[in-house]
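Chains A and B, in that order, are what the protein sequence lines are. The opening position of the first sequence corresponds to residue 1 in my numbering, with each subsequent residue numbered one higher. The opening position of the second sequence corresponds to residue 1 in my numbering, with each subsequent residue numbered one higher. Notes for the one structure printed next.
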Amino acid sequence: MKKLLGIHRNEDEFSFIVQENGRIFVEHGNEKNINDFANSKLILKRDEMIRDPLGEEDVEGEGVFDFRYGPVTSGVGEAGIYHLFTYGERILDVKIDTSYKRRELDLKMKGKNVNEGLRLAQSVCGNFTISHSLAFVRAVENALNVKIPRVSELLRAVALELERMYNHMYVISRLASAAAQLVLSSHLQGLFEALLVVNEKFSKSRFLRDFVKIGGVAFVPKNNSLNGIITEVERISNDFSDLFERSLESRNYVDRLHSTATLKAEDAEKIGLTGPSLRACNVLEDLRRREGVYATLETITDEEGDSLSRMEVRAREIIQSAKFVIKTLREIDDEKPINDSIRVEDSQGLGACESPSGSVVYLLNLKGGKIEDVYISTPSVFGFAAIAHSIRENIFTDFPFAVESYGVNFADAAR
Amino acid sequence: MKWWPAVGISKMLTKKEEYISKNEVKKLKLFKRSLHLYMIDVGNSNQLNFEIHALHTPRYNIHRFGMYFAASPRHADLLIVLGRPTKKMVNPLRETIRQMPDPFGILLIKGCEETGIDPEKLDLPNVVATLEGCPSAGEILGALLKISGRVD
Numbered sequence: 001m002k003k004l005l006g007i008h009r010n011e012d013e014f015s016f017i018v019q020e021n022g023r024i025f026v027e028h029g030n031e032k033n034i035n036d037f038a039n040s041k042l043i044l045k046r047d048e049m050i051r052d053p054l055g056e057e058d059v060e061g062e063g064v065f066d067f068r069y070g071p072v073t074s075g076v077g078e079a080g081i082y083h084l085f086t087y088g089e090r091i092l093d094v095k096i097d098t099s100y101k102r103r104e105l106d107l108k109m110k111g112k113n114v115n116e117g118l119r120l121a122q123s124v125c126g127n128f129t130i131s132h133s134l135a136f137v138r139a140v141e142n143a144l145n146v147k148i149p150r151v152s153e154l155l156r157a158v159a160l161e162l163e164r165m166y167n168h169m170y171v172i173s174r175l176a177s178a179a180a181q182l183v184l185s186s187h188l189q190g191l192f193e194a195l196l197v198v199n200e201k202f203s204k205s206r207f208l209r210d211f212v213k214i215g216g217v218a219f220v221p222k223n224n225s226l227n228g229i230i231t232e233v234e235r236i237s238n239d240f241s242d243l244f245e246r247s248l249e250s251r252n253y254v255d256r257l258h259s260t261a262t263l264k265a266e267d268a269e270k271i272g273l274t275g276p277s278l279r280a281c282n283v284l285e286d287l288r289r290r291e292g293v294y295a296t297l298e299t300i301t302d303e304e305g306d307s308l309s310r311m312e313v314r315a316r317e318i319i320q321s322a323k324f325v326i327k328t329l330r331e332i333d334d335e336k337p338i339n340d341s342i343r344v345e346d347s348q349g350l351g352a353c354e355s356p357s358g359s360v361v362y363l364l365n366l367k368g369g370k371i372e373d374v375y376i377s378t379p380s381v382f383g384f385a386a387i388a389h390s391i392r393e394n395i396f397t398d399f400p401f402a403v404e405s406y407g408v409n410f411a412d413a414a415r
Numbered sequence: 001m002k003w004w005p006a007v008g009i010s011k012m013l014t015k016k017e018e019y020i021s022k023n024e025v026k027k028l029k030l031f032k033r034s035l036h037l038y039m040i041d042v043g044n045s046n047q048l049n050f051e052i053h054a055l056h057t058p059r060y061n062i063h064r065f066g067m068y069f070a071a072s073p074r075h076a077d078l079l080i081v082l083g084r085p086t087k088k089m090v091n092p093l094r095e096t097i098r099q100m101p102d103p104f105g106i107l108l109i110k111g112c113e114e115t116g117i118d119p120e121k122l123d124l125p126n127v128v129a130t131l132e133g134c135p136s137a138g139e140i141l142g143a144l145l146k147i148s149g150r151v152d
């Protein structure tokens, strides 16, 4: 099924960014085509208020009030607001305001050269640095028909999988602490920090900053540090799979996640959800399937579409990513990792990347050596919309399990 | 009964590490043993939020220094401001500072982005230290140890 991820408007011309079967492409159309998709209103109003695109009526009734959660609370770490509509216990509707975190990075990119644009792209969301910079550089490389060396393709994939591992670990540790599984969450937090140390060994930055460059990557890590990374990733993966097996034996933990914020596959696709949350609804959709370096990767899915399924998909992806990282790092040769011969010409490019929470897409227009126009589609917008849809009829204590299991960030949604 | 504390000590589960911050900080000299912290994000890229999450992990074990994250600014000694404020976050930031009980301090961590307003230009009261760029969790802990007066 086609999923709409973005609408870019240039006067009367509309470009619709669409994902289908692991492929991202642009369909051109006009104003009438907006109504072809259920989530187009969500996309057009993403900077005002994110709400459930499949049921837009306001909730009213006796005792119903708006519980405003954020932007300064210890529960919501980031600067954003959840408007929870409730009469005390049951959550009837949620609206999400991301405007407090809006830094207008996509507007700042206009008129800058591509290297400055790359720096801004990795500032969009600090924990999706590789995903955003990779989508940005792919858009530039597609526009200018740049071929990149094989070694940098491998290193980019490793960096992306390292990013996936620590983000998934973060999500699962948050779920464990929300369920008061303190021993489990302490262990997971320890592994999370260990993964940040691995990142630093690999790219000299705990959050893999400045590693991806236009035309390749910044450098090839030295052989002895690669061996250290392989042993450490192996240890983390083994420790994690042991913890994961044990955690599923805890009724207290599993009961909190099971049948919380359940989402049907059909609704998820209408909302435009991608990534592990969509795969947890038993939909085979992964942008990595069409990339050469991932030839042997099997897509992990689950059937129920609830918080437990989303957690299990993420957990199994951690183990899978660790295997991929170990296998790929053994193939790395020491060759020049960057293609320097790039001339910026007037053109348009589309770049996408499977981030830890779904598809990040950049649509770029280059003119006179500068960025003329850019459209950024981020997975968190659809993640928030999916929260708003699936949390209905759940109760207040389910809220952290619903929110954390989607792995959404205000920074990513607000740009 | 098993002697878990003895087992833990014999295995040296906590590595000895030094946490050093190069930044100048004003010593509060008000809080002698513990420091209760409250963190507010005013528009950083999320990297600093993740560093603060990393500070909660067993590697740093900040409770041994008497440092705790409070659930409300009214229970905190030190406010950690993450990032450079967006226009809409300036008022919530000022309101949070109004809720801090006297005496209190503010630690500014600016982050690596060039977005938003420079927090030093907002004329905030009781700023005890300003960290430039994106410090790692270890560096943040170094600054906190200096603020609480545990190291020179």
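Note that the Cβ used here is the ideal one computed from N, Cα and C, for glycine as well.
| query | When you check each C-beta in the region 313 to 334 of chain A against every C-beta of chain B, which residues fall closer than 7 Å? | reply | For chain B, none of the residues of the region 313 to 334 of chain A brings a beta carbon within less than 7 Å of one of its beta carbons.
| task | Starting from B/His36, follow its DSSP beta bridges and name the residues at the other end. | result | According to DSSP, which records beta bridges pairwise, B/His36 is partnered with B/Tyr68.
| Which class does A/Ile43 belong to by DSSP, given the choice of helix, strand or coil? | The answer is helix: DSSP assigns A/Ile43 an H, G or I state.
| First and last residue of the uninterrupted beta strand (DSSP E) at B/Thr130 | Element bounds for B/Thr130: Val127 to Leu131.
| Are at least three pairs of beta-carbons, each pair with one atom in the region 349 to 358 of chain A and one in the region 242 to 255 of chain A, less than 8 Å apart? | Counting C-beta pairs closer than 8 Å gives fewer than three between the region 349 to 358 of chain A and the region 242 to 255 of chain A, which falls short of the contact rule.
| query | For A/Ile236, which three-state DSSP category applies? | reply | In the three-state reduction of the DSSP assignment, A/Ile236 falls in the helix class.
| Since A/Gly90 sits in a beta bridge, which residues does DSSP pair it with? | The sequence given here has Arg at residue 90 of chain A, not Gly. Its beta-bridge partners are A/Ile395.
| request: Taking A/Val72 as the query, report the chain B residues whose CB atoms sit under 7 Å from its CB, ordered along the chain. | output: Ordered by position in chain B, the residues that pass the 7 Å Cβ test against A/Val72 are Ile40, Pro92 and Thr96.
| field | For A/Glu163 and A/Val124, the rounded distance between their alpha carbons | value | If you take the alpha carbons of A/Val124 and A/Glu163, they lie about 15 Å apart.
| field | Where the region 140 to 174 of chain A meets chain B: residues whose CB sits under 8 Å from a CB there | value | Those would be Tyr170, in chain order.
| request: Please confirm whether any heavy atom of the ligand HEM lies closer than 6 Å to the CB of A/Glu269. | output: Ligands in the displayed structure: none, and consequently the ligand HEM is not present.
| query | the region 88 to 101 of chain A: which residues have C-beta closer than 8 Å to a C-beta of chain B, in chain order? | reply | Cβ proximity to chain B below 8 Å picks out Ser99, Tyr100 and Lys101 from the region 88 to 101 of chain A.
| message | For A/Ala352, report the span of its beta strand (DSSP E) as first-last. | response | First-last of the beta strand (DSSP E) with A/Ala352: Ser347 to Ser355.
| query | Within 7 Å (strictly less), CB to CB, does B/Pro58 reach chain A? | reply | So yes, B/Pro58 belongs to the interface.
| said: For A/Gly190, would you say it is in contact with chain B, using Cβ-to-Cβ distances shorter than 7 Å as the test? | reply: It does; some Cβ of chain B falls within 7 Å.
| request: Identify the contact partners of B/Ser21 in chain A, using a Cβ-Cβ distance below 7 Å as the criterion. | output: Chain order gives no chain A residues near B/Ser21, where near means a beta carbon separation below 7 Å; the closest approach is about 16 Å.
| request: From the DSSP output, in three-state form, read off A/Asp267 for me. | output: In this structure, A/Asp267 counts as helix in the three-state DSSP scheme.
| request: Could you confirm whether any beta carbon from chain A is found closer than 7 Å to the beta carbon of B/Gly43? | output: For B/Gly43, the nearest CB of chain A lies under 7 Å from its own CB, placing it at the interface with that chain.
| Between which two residues does the beta strand (DSSP E) containing A/His8 stretch? | Residues Lys3 to Asn10.
| request: Please go through the same chain and pick out, in chain order, the residues whose beta-carbon is closer than 7 Å to the beta-carbon of A/Glu404, but skip the five residues on each side of it. | output: Excluding residues within five positions, the ones whose Cβ falls inside 7 Å are Val171, Arg174, Leu175 and Ala178.
| field | Top-ranked residue by Cα proximity to A/Ser133, from A/Gly216, A/Ile387 and A/Gly368 | value | By alpha-carbon distance to A/Ser133, the top candidate from A/Gly216, A/Ile387 and A/Gly368 is A/Gly216.
| said: Whole angstroms are fine: how far does the CA of A/Val18 sit from the CA of A/Asp36? | reply: When rounded, the distance between both Cα atoms is 12 Å.
| said: List, in chain order, every chain A residue whose beta-carbon is nearer than 9 Å to that of B/Lys170. | reply: The requested residue 170 of chain B does not occur in the structure, where chain B is confined to residues 1 to 152.
| task | Using beta-carbon positions only, say whether A/Asp398 and A/Thr260 come within less than 7 Å of one another. | result | In contact: A/Asp398 and A/Thr260 (Cβ atoms closer than 7 Å).
| request: In the DSSP assignment, find the unbroken alpha helix (DSSP H) run with A/Ser133 in it and report its ends. | output: Segment Thr129 to Leu144, the alpha helix (DSSP H) holding A/Ser133.
| said: Can you give me the C-alpha to C-alpha distance between A/Ala413 and A/Val374, rounded to a whole angstrom? | reply: Distance between the alpha carbons of A/Ala413 and A/Val374: 16 Å.
| field | Boundaries of the beta strand (DSSP E) in which B/Ile106 is found, first to last residue | value | Gly105 to Ile109 is the span of the beta strand (DSSP E), which, as asked, contains B/Ile106.
| Cβ pair count under 8 Å reaching 3, the region 66 to 78 of chain B against the region 197 to 216 of chain A | Verdict: no, contact absent.
| request: Answer yes if the region 80 to 91 of chain A comes into contact with the region 376 to 396 of chain A, meaning at least three C-beta pairs across the two stretches below 8 Å, and no otherwise. | output: Short answer: they touch.
| query | Where does A/Val183 land, buried or exposed, given buried means 16+ other C-beta within 10 angstroms? | reply | Exposed is the call here.
| said: For a contact defined as C-beta to C-beta under 9 Å, what are the partners of B/Ser136 on chain A? | reply: Listed along chain A, the residues sitting closer than 9 Å to B/Ser136 by beta-carbon distance are Leu196, Glu200 and Arg206.
| said: Counting only Cβ pairs nearer than 8 Å, list the residues of chain B close to A/Cys125. | reply: Going along chain B in sequence order, the residues near A/Cys125 (Cβ under 8 Å) are Ser45 and Asn46.
| query | Below 7 Å between beta carbons: does that hold for A/Lys95 and A/Gly80? | reply | No, the Cβ-Cβ distance between A/Lys95 and A/Gly80 is not below 7 Å.
| query | In whole angstroms, what separates the C-alpha of A/Glu421 from that of A/Arg310? | reply | Missing from the structure shown is residue 421 of chain A; chain A here goes from 1 to 415 and no further.
| task | Kindly indicate the opening and closing residues of the alpha helix (DSSP H) around A/Ser390. | result | Note, A/Ser390: alpha helix (DSSP H), Pro379 to Ser390.
| Hey, which unbroken runs of the beta strand (DSSP E) at 3 residues or more fall wholly within the region 51 to 85 of chain A? | Within the region 51 to 85 of chain A, the complete beta strand (DSSP E) runs of at least 3 residues are 65 to 69.
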